[in-house]
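Participant: In numbering that gives the first Met the number 0, the protein residues as written are 0 to 321. Note that the Cβ used here is the ideal one computed from N, Cα and C, for glycine as well.
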Amino acid sequence: MNKILCGVDIGGTKCSIALIDDNGKILDKIHTGAHVDKNEKGLVKMVAENIKEIFKRNDLQESDLPGIGMGCAGHIRFRDGVIITSSNLKGFKNYPLREAVQSYFKIPVILDNDANAQAFGEYKFGAGQGFDDMIFLTISTGIGAGIIINKKLYRGITGTAGEFGHMIVEPDSELTCTCGNRGCLMACACGMALPWLFEKKLKEGKKSKLNLPPDFIRSEINGQLLKKGLEMDDPVSKEIILDCGYYVGLGLYNIFQALNPPLIVLGGGLTNWGEFYLNKIKSTFYNLARDMIFDPIEITVSKISGDAGVIGAAALTLEEQG
Ligand SMILES: [Zn+2]
């Protein structure tokens with residue numbers, strides 16, 4: 000029998016529990032939003048019950064699986080399996096989530112940051128196959144990342160290594176990050192920044208072809224809307240996409256100088272902007288790195304679509320711990 004893996008992705012609005020095969024394909028999935036209003040104990044119980052349910056309906060015993068992998072946004076102390084803080088789960092401060100879920104199961108439970116989980120999923124099942132080292136950067140509402148070195152996640156002392164979203168790319172920026180600093184890559188180039196960037200362009204006197212009504216809620220300006228703008232040849236949307244691409248390219252250059260990886264994979268919703276965006280990222284990167292590149296570096300997009308979070312979480316059970 001092929002190996003079956005179990006992953007849990009705990010997000011801000013949805014929680015997914017899935018079984019995947021050893022090619023990273025989803026075999027069964029439970030999708031719920033019921034965790035949102037639960038306290039710590041309630042969430043743990045719900046997650047454990049859903050895992051047991053998905054095992055039961057697939058005729059699986061715990062011992063058929065190598066473990067249960069969980070991914071969750073936020074700062075996670077990996078060695079202890081503790082959520083230090085999570086913007087998705089209010090109140091989960093210094094909460095030992097791994098131990099709490101582990102109390103329901105005999106097989107090992109692993110907890111890591113969701114971007115680390117996605118990075119490992121990409122390494123095992125996606126664009127990272129065949130590489131020993133790679134960087135994964137996910138660009139959506141926020142920016143997260145994971146570092147694979149010698150076939151394993153590099154986590155740093157706490158487990159928070161690879162927080163490239165908080166790399167400062169514009170110290171004088173007017174944009175303040177969720178962390179409180181100014182000019183983090185995340186503040187300048189993720190989904191959260193788009194409404195502000197749009198407004199700024201309009202204030203500079205630029206005209207958008209999107210013709211948004213005056214009562215349009217600014218916070219609803221998102222990647223999808225700008226993609227529509229790109230398709231309409233809207234100059235404002237295009238400028239914003241190029242600005243975001245520039246900052247991501249700058250970020251990749253800094254990552255290149257720090258780690259010299261052979262592969263950087265970009266994932267997350269904003270990569271749907273396509274070639275126009277990716278070309279700006281790459282041209283910025285190559286202009287900065289110029290003749291300092293001595294071996295090929297591949298910059299590519301994720302091969303794992305919508306379920307990257309839960310697939311990555313399941314993949315964590317394949318990483319050798321210790
Ligand atoms: Zn920051």
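Only counting runs of 3 or more residues, tell me where the beta strand (DSSP E) segments fall wholly within the segment 190-220, in order along the chain.
Facilitator: Entirely contained in the segment 190-220, not one beta strand (DSSP E) run reaches 3 residues.
Participant: When you measure from the CB of ASN38 to every non-hydrogen atom of ligand 1, does any distance come out below 7 angstroms?
Facilitator: It does not: the Cβ of ASN38 is nowhere closer than 7 angstroms to a heavy atom of ligand 1.
Participant: Kindly list the residues whose CB is nearer than 8 angstroms to the CB of LEU287, restricted to its own chain and excluding five residues on each side of it in sequence; keep chain order.
Facilitator: Contacts found: GLY248, LEU249, TYR252.
Participant: When burial is assigned at 16 or more other CB atoms within 10 Å of the CB, is ASN210 buried or exposed?
Facilitator: Exposed is the call here.
Participant: DSSP puts ARG389 in a beta bridge; with which residues?
Facilitator: The chain is shown only over 0 to 321; residue 389 falls outside these bounds and no answer can be derived.
Participant: Going along the chain, which residues put their C-beta within less than 7 angstroms of some heavy atom in ligand 1?
Facilitator: Result: GLY164, HIS165, CYS176, THR177, CYS178, ASN180, CYS183, MET185, ALA186.
Participant: Let me know the secondary structure DSSP gives ILE303 once reduced to three states.
Facilitator: Looking at ILE303 - three-state DSSP - the assignment turns out to be coil, as it is neither helix nor strand.
Participant: Could you give the uninterrupted runs of the alpha helix (DSSP H) lying entirely in the segment 15-89, keeping only those of 4 residues or more?
Facilitator: Correct list: 39-56.
Participant: To the nearest angstrom, report how far apart LYS51 and ILE82 are at their CA atoms.
Facilitator: For LYS51 and ILE82, the distance between alpha carbons rounds to 23 angstroms.
Participant: Taking the beta carbon of LYS206 as the centre, do at least 16 other beta carbons fall within 10 Å, making it buried, or is it exposed?
Facilitator: By the 10 Å Cβ count, LYS206 comes out exposed.
Participant: Nearest by alpha-carbon distance to VAL7: which of GLY125, GLN117, GLY129 is it?
Facilitator: Of GLY125, GLN117, GLY129, the residue nearest in Cα terms is GLN117.
Participant: Taking only three categories from DSSP, how would you classify TYR103?
Facilitator: DSSP places TYR103 in coil when its eight states are reduced to three.
Participant: Taking LYS44 as the reference, which of ALA99, VAL168, ILE240, PHE119 has the closest Cα?
Facilitator: That would be ALA99, whose Cα lies nearest to the Cα of LYS44.
Participant: Could you spell out the range, first to last residue, of the beta strand (DSSP E) harbouring ILE146?
Facilitator: ILE146 -> beta strand (DSSP E) spans 142-148.
Participant: Secondary structure at THR159, three-state DSSP: helix, strand or coil?
Facilitator: Correct three-state label for THR159: coil.
Participant: Quick check on the burial criterion: 16 or more other C-beta atoms within 10 angstroms. Buried or exposed for GLY90?
Facilitator: The residue is exposed, with fewer than 16 neighbouring Cβ atoms inside 10 Å.
Participant: Exposed or buried, what is CYS243 when buried is set at 16 or more other beta-carbons lying within 10 Å of its beta-carbon?
Facilitator: It is buried - the Cβ of CYS243 has at least 16 other Cβ atoms within 10 Å.
Participant: State the start and end residues of the unbroken beta strand (DSSP E) segment that holds GLY266.
Facilitator: Residues 262-266.
Participant: Does DSSP put GLY10 in a helix, a strand or coil?
Facilitator: Here GLY10 sits in coil by DSSP.
Participant: Ends of the beta strand (DSSP E) at LEU110?
Facilitator: Where LEU110 is concerned, the enclosing beta strand (DSSP E) stretches over 108-112.
Participant: Determine the direct distance from the alpha carbon of LYS199 to that of THR316, and round the result to whole angstroms.
Facilitator: Looking at the two C-alpha atoms, the distance is approximately 45 angstroms.
Participant: For the beta strand (DSSP E) that contains PHE275, what are its first and last residues?
Facilitator: Element bounds for PHE275: not the beta strand (DSSP E) but the alpha helix (DSSP H), 274-288.
Participant: Is it true that the segment 185-204 meets the segment 276-286, where meeting means three or more beta-carbon pairs spaced less than 8 angstroms apart?
Facilitator: No: fewer than three Cβ pairs fall under 8 angstroms.
Participant: State buried or exposed for ASP58, treating a residue as buried only when at least 16 other CB atoms are found within 10 Å of its CB.
Facilitator: Looking at its Cβ environment, which holds fewer than 16 other Cβ atoms inside 10 Å, ASP58 is exposed.
Participant: What separation, rounded to the nearest whole angstrom, lies between the Cα atoms of GLU39 and TYR94?
Facilitator: Spanning the two alpha carbons is a distance of roughly 8 angstroms.
Participant: By Cβ distance, which residues of its chain are closer than 7 angstroms to ALA192, with the 5 residues on each side in sequence left out?
Facilitator: The residues are LEU174, ALA186.
Participant: Specify the secondary structure class of TYR246 as computed by DSSP and reduced to three states.
Facilitator: Looking at TYR246 - three-state DSSP - the assignment turns out to be helix.
Participant: Do you know whose CA, among TYR122, ALA314, PHE284, ILE138, lies nearest THR270's CA?
Facilitator: The shortest C-alpha separation from THR270 is found at ILE138.
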